[in-house]
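Participant: Once you've had a glance at the structure underneath, I'll fire off some questions.
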Amino acid sequence: MTATQSPHTVHQFAMRFSSTPRGARLARRMCEHCLDAWGVPYDSDAHDVVTLVAAELCANAVQHGHVAGRDFHVRLTADPATRTVRIEVTDTRDETVPHLPAAPSQDSEDGRGLLLVEALADRWGCSPRAGGGPGKTVWAEYAAYPA
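Under the UniProt record's numbering, the sequence shown has 44 at position 44, and the numbering climbs by one with no breaks.
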């Protein structure tokens, strides 16, 4: 008798958005919808964490990665077999590389988003934009599916 392994589906969503606050909100909403459709339900802790991380990365792309006339790109991937959801946000500015602030001022709003990403994501980082174009991709991963 041979055991057959059930196939699993790796889910993927990718789309370009206008580099505006409205584009960032739409990207977050699309990620919320995809997560729910892929088995990470609304109102779950995992859904809330991934949505918050996606919102912060998209907001940073708009605020710090904006180039007039250029969009930012979001790719959301979920792999139930590895329990991992990965969010990648690509913008077209490569001279502004994200970094954690040493100690953000209590009066300043800058730098707090990446502190949230650092605290919530299992892993995150930044890499040059794929394909050789100008820009960077900031990514984060989170174990969103139960063991």
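Just so you know, even glycine gets a beta-carbon here, dropped at the ideal spot from N, CA and C.
Bear in mind the structure is a predicted one, so any value in this text is a computation, not a measurement.
Can you tell me whether residue 141 is buried or exposed? The criterion is at least 16 other CB atoms within 10 Å of its CB, across all chains shown.
Facilitator: Buried, by the Cβ-count rule.
Participant: Determine, using beta carbons only, whether residue 24 and residue 68 come nearer to each other than 7 Å.
Facilitator: Contact: no.
Participant: Do the CB positions of residue 71 and residue 135 come within less than 7 Å of each other?
Facilitator: No, the Cβ-Cβ distance between residue 71 and residue 135 is not below 7 Å.
Participant: Quick test of the definition: if touching needs 3 or more C-beta pairs under 8 Å, does the stretch 115 to 122 touch the stretch 49 to 56?
Facilitator: Because the criterion of three Cβ pairs below 8 Å is met, the stretch 115 to 122 and the stretch 49 to 56 touch.
Participant: For residue 1, which of helix, strand or coil comes out of DSSP?
Facilitator: The pLDDT assigned to residue 1 is 42, lower than 50, so where the model puts this residue is not dependable; a value taken from the coordinates is nonetheless given after this. Of the three classes helix, strand and coil, the one that applies to residue 1 here is coil, per DSSP.
Participant: Comparing alpha-carbon positions, which option in 44, 18, 34, 62 lies nearest residue 113?
Facilitator: Out of 44, 18, 34, 62, 62 has the C-alpha closest to the C-alpha of residue 113.
Participant: What does the Cβ neighbour count give for residue 90, buried or exposed, with the cut at 16 atoms within 10 Å?
Facilitator: It is buried - the Cβ of residue 90 has at least 16 other Cβ atoms within 10 Å.
Participant: Starting from the Cα of residue 126, find the closest Cα among 11, 145, 147, 98 and give me that residue.
Facilitator: That would be 98, whose Cα lies nearest to the Cα of residue 126.
Participant: Excluding sequence positions up to five away, which residues of its chain have a Cβ less than 6 Å from the Cβ of residue 156?
Facilitator: Absent from the structure is residue 156, since the part of the chain shown begins at 1 and ends at 147.
Participant: In this structure, how does DSSP classify residue 40 when only helix, strand and coil are distinguished?
Facilitator: Note: residue 40 maps to coil in three-state DSSP.
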